[in-house]
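Residue numbers (the numbering used here), protein chains in the order written: chain A, 2 to 369; chain B, 2 to 369; chain U, 2 to 369; chain V, 2 to 369. For glycine and all other residues, C-beta sits at the position ideal for the given N, C-alpha and C. Below is one structure, written out as structure tokens, with a few remarks after it.
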């Protein structure tokens, strides 16, 4: 339980460091009979790949995934699916500038405090490359969800102070700019803002938003494995995320109960629906049939070219300038990671929910 | 794994419904040799008890805890500690008004969707009384932490728009008002705001803030069981919490990297410390030795006396007026629950961290 | 994960000591909609109760179970079911004879080595009374299995050298003698053997056998959570069990492959069945549709009245005579514990198996 | 929790099929600072490799392990260690003879019943090659144990009726014969017996015995995660194992309490020791400081060249002759797997035991 395992029913274990041999993940608990090929996974990995634009690092990485096990004749077999992406950019580098100094905003100091040891090659296990395992496993979860009519879509909601406007919101637009913002005008403004920040050797934060549609009511396990609780954990476990909110989130702290409660009514087909969705699709930790909507705040890239104050492993104060190109913003590349983590969480709870009722257990084993 | 278990090393399982026989919790994994008596636990339960002021429900509840196992001669034995609080207020009530109608903002509808079943007696398992198990187990976790010099303190940060002022912040003040606000003036304003809301048959939300001091650097397990990720899950699992942020939280989304990075320096005794604490005491998911600071947004009490629109189990639209007295705000009673959940999370990760280094394993088993 | 939790999908946590306030268990993961009352559980507890015959201790215990939560209107609600049996026989005793000396064959020494602490009151947590929690939770598991047409039956297979004869095997007979032996003649011989052992202040061991019928093929999770592996763990976790075998068990070590392989054929209705059942109903860790048959070896009662050599906590050698009445054999009272542990294991794996196929997941969520 | 994960503190997940791309394992929870190289692992894999003698299959396999992550500068980093052995012998074969027919004694039928799917290439996930992951991870566990002075040694105890004689027992001898029998004469007899069985197109079973020395008293978690219970699960999870016994095992069922109880005394240095070891080093599920001794019964190789009766996937009866060379006995190659599984179990419980006492927690975090 040392932290690289997630999920109980659809369980993943990831491994790999930034500059080791590769990044991998094994998925234990994928049902048999799901059609799966490498392209299903590759298309998600391609969305987190660096080098796509001037706002992402130019490091040339193939990031080609290979399915090592668990698929036979184009379908999952029910046994573990191992996925691997080799690190193609392991060339020997000069780490002498950062080898002994703790980079501010990074995990260098805390890994050392924990393990008495430091893998100084590009952050080791705390590198953003670790998310490859999440996205690869998440792609399988997404495929399962899609086959049940459940869709997960994340996008960049804001970059610094620049927000997607509700009036101009156009989901298709997110595929047309490299910031994955569903608002062409906001994207243009954000790009300018990012260029300015880069010119000042600085970086910026932002917000990712995610919407889950088609999720049936009843998913989430009271009292600790609530859907929102597990989503929060999954999302906060992504490197640079510093906050999570569901539905109106922090807004509810300033709301009145009469505003915040979502009344119930019947829709045209006589089904129970909520009149509003302040709750973000979750009541008492269980999905209510509305869209699940959450947001994550993502801090500015900690690797900046400006001079920073720090100390060395040998306990001496030392100024630090981080060389090399780094993304001025993390959010756009994190969007697909947010989707992956949401999918892993939802599949795990969907599976957990199958034993909620005796009637459902009989539905499986009486037809056995 | 059906949701009522939390933690891996210091593991709890809770049970009980609002109007059943009682609420309980069993703690598996408490080390032997911790002095423990019922008063250690009762003092925390007393802080969440209703009936303390005009802003909390008048229901007369004893909420006396009983230790059923795991303590012998005043010390823990290393075996499970079961704790129980009997429900003394189980008198037969008239639930006819809400028996068949889903209360907006409550889990009535979602429990029914999940289990095909509804315990309409005061919310059943989704009632706020469920937190008794959390607080009771959390009291043991807090005692463990205190013996290691680690302290956890939560308080009400805001009520609606009324915030604790950084200038007037006085922790001692929180014990002098029933809202647990560490700012006398803000507390007075908030009390007036609450009275107005009650007069309008409405309720209000707010924010709880929590500070953990004395936590050594190195706690938290990359990559999924990060300290902030597990805190987020623990806090979001509390009934009405809709958002969580660590350190500058959503503020980091608008910050620049040069502002947000906390530089390192040496303190007077030559130890590595951060110059600022935008990170809230956690880097890469691992504690960095600074104070851990997080906030939770808590929605307004969903039970309000105003007329609300809803539907029945029989799929008919119906207006609803919730009778009886209900707290106009959840935050003050949630403060101690936030502390408990933080403590449970931290103890679990402290225990997990004991096997981080071969040297520590030898420290136990070579002296065995 | 400190050892008092079992199961992942149908999870139990037990607590309580021999001479504390009581013994309890909470069940997390029982589906909603199972009819359940205290009598369903009490009838199993009555089978393990002492004081039933001259071969079981005369301690007068009520062992009445109380359902504390999780049942409403006669059915399970899907939330945790807590069960408690109060210890009615907590009267102050004179433990001075054993307080400081380690009883041979008991866990006195090892608990002290582990926890640096000893609960000398009748064995504390290592007492046989701990099995009350197992049997109570197992009764719920058995009720679930029965509703799916799966039955579990254990009995005493041998007492010392006296074995149940295959020719005289009569399951009904087990209910007619206090040794739960399905062979009247063997039971009579065994009773005589036990009386002789008691006269010599000695105790005897034996074997319990268990048969599971009606289990569909396909239950068990390769590679570590095999049905036989999980059964072995569950059975070996019972206090005095020293060995476990499935099907021909140790006999297979002396068999030839041509004898040991069970051929397949079609039965009268064209279904695949095995021609023999050397495998004991499990192939590759997965149920094959035949009866699952296993045996457990149970050591002689360690509490005997003869003089034994031992040492004290203060590291002095000391002879020991254990006073009071003790069962001369453990097997008959363990029979119902074996059934309970088997049921808990099978339910957990039945639930795990529900996500084996995409088709089954669709069967639940497409009809949602 | 779909079965390919083992352990809670030192956790492994394995993957891979007999004729897929390879077999792998990831280890989550290995402490930082353990010296580790591929040769540490390879030497154990070499012991399970086929092709070593006329009694093991001639399939030419390199089985070279590669460390993919978690090791830097020759030491473990505390992050997951992924290990992979590529399948070099994936050439296209003619499976038409067994593709549609269920081999007796194999998991063909049960996998199909479970997953609705069959990987007919050499058994897929149910192949003996799956144990490569166990042995590779076990090698790391063994290295941890050795650094704490704990040693695990298994050997072949019997082949059919031929047993190692206690008088001739010589541990060094096991390295001199391919059956890993610590008795030269028994090994010669067993080799003759195996040749006869092969000539008759048959196979034989046997028993492996394992001894753990140097284990401190106090390891094992009551009540469900007892050391013997977890060992039983780990050992029964190995493919062909049908029985497990600890200490005198099934012998205790025929013993008297006065014989079976191990008295305590003081050794020359005044330490508590047992006078005998009928218990096999475990009392109440916790190690008692004596050697831990257990045995596993391993069935005859199910793949035999004789004609066998079976049925097809299409539900037709069909006779089957299995072609190709197969080991006539599984035991010798299982010996190292038994050691690996024992080591994984012991390390996991050693780590679990570190939080048994408040004093030990202070020992880590007060020196932090």
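Cβ separation of residue i and residue j, assumed to be a contact under 8 Å, to the nearest whole Å
i: residue 36 of chain V; j: residue 75 of chain V; result: 6 Å
i: residue 146 of chain A; j: residue 344 of chain A; result: 6 Å
i: residue 293 of chain V; j: residue 213 of chain V; result: 4 Å
i: residue 82 of chain B; j: residue 27 of chain B; result: 7 Å
i: residue 71 of chain B; j: residue 32 of chain B; result: About 11 Å separates the two Cβ atoms, so there is no contact after all.
i: residue 313 of chain V; j: residue 101 of chain V; result: 5 Å
i: residue 323 of chain V; j: residue 306 of chain V; result: 6 Å
i: residue 49 of chain B; j: residue 337 of chain B; result: 5 Å
Terminal residues of the alpha helix (DSSP H) in which residue i lies
i: residue 140 of chain A; result: 132–148
i: residue 97 of chain B; result: 97–100
i: residue 354 of chain U; result: 332–354
i: residue 48 of chain B; result: 39–49
Under 9 Å by beta carbon: chain B residues contacting residue i
i: residue 159 of chain A; result: 254, 255
i: residue 263 of chain A; result: 105, 106
i: residue 302 of chain A; result: 258
Contact list for residue i against chain A, beta-carbon separation under 9 Å
i: residue 352 of chain U; result: 355, 356, 362
i: residue 9 of chain U; result: 9, 10
i: residue 126 of chain V; result: 70, 71, 78, 79, 80, 81
i: residue 23 of chain V; result: 69, 70, 83
First through last residue of the beta strand (DSSP E) which encompasses residue i
i: residue 15 of chain A; result: 12–17
i: residue 302 of chain U; result: No beta strand (DSSP E) contains residue 302 of chain U, which DSSP labels as neither H nor E.
i: residue 68 of chain U; result: 66–68
i: residue 156 of chain U; result: 152–160
i: residue 192 of chain V; result: That residue, residue 192 of chain V, is in no beta strand (DSSP E); its alpha helix (DSSP H) goes 185–200.
i: residue 27 of chain U; result: 23–29
i: residue 310 of chain B; result: 308–312
Proximal chain V residues relative to residue i, where beta-carbon distance stays under 9 Å
i: residue 316 of chain U; result: 267, 271, 272, 273
Contacts of residue i in chain V (Cβ-Cβ under 7 Å)
i: residue 343 of chain A; result: The contacting residues do not exist; residue 343 of chain A stays about 21 Å from chain V at best.
i: residue 27 of chain A; result: 14, 16, 27
i: residue 192 of chain U; result: Near residue 192 of chain U there are no residues of chain V at all, since even the closest Cβ is about 16 Å away, more than 7 Å.
Chain B residues whose Cβ lies nearer than 8 Å to that of residue i
i: residue 110 of chain A; result: 218, 265, 273, 284, 289
i: residue 373 of chain V; result: Lying outside 2 to 369, the shown extent of chain V, residue 373 of chain V is not represented and no answer is given.
i: residue 149 of chain V; result: 362, 363, 366, 367
Partner residues on chain U for residue i, Cβ-Cβ distance less than 9 Å
i: residue 251 of chain V; result: 208, 243, 244, 246, 250, 251, 296, 298
i: residue 120 of chain B; result: 73, 74, 78, 80
Within chain B, the residues that residue i reaches when beta carbons sit closer than 7 Å
i: residue 116 of chain U; result: 33, 78, 79
Within chain U, the residues that residue i reaches when beta carbons sit closer than 8 Å
i: residue 5 of chain B; result: 27, 29, 80, 81
Partner residues on chain V for residue i, Cβ-Cβ distance less than 8 Å
i: residue 223 of chain B; result: 80
- Message: Would you call the region 291–310 of chain A in contact with the region 195–210 of chain A, where contact means no fewer than 3 C-beta pairs closer than 8 Å?
- Response: yes
- Curious, which full-length alpha helix (DSSP H) runs of at least 4 residues does the region 220–282 of chain U contain? 228–237, 258–261
- Message: For the region 226–242 of chain V against the region 230–242 of chain U, do three or more pairs of beta-carbon atoms, one drawn from each stretch, fall closer than 8 Å, so that the two count as touching?
- Response: Short answer: they touch.
- Message: Quick check: the region 20–30 of chain U against the region 256–263 of chain B, are at least 3 beta-carbon pairs closer than 8 Å?
- Response: Result no; under three Cβ-Cβ pairs closer than 8 Å.
- Touch test, the region 350–362 of chain B against the region 114–131 of chain A, Cβ-Cβ under 8 Å, three pairs minimum: yes
- Item | Stretch-stretch touch, CB-based, cutoff 8 Å, three pairs: the region 265–282 of chain U with the region 165–172 of chain U | no
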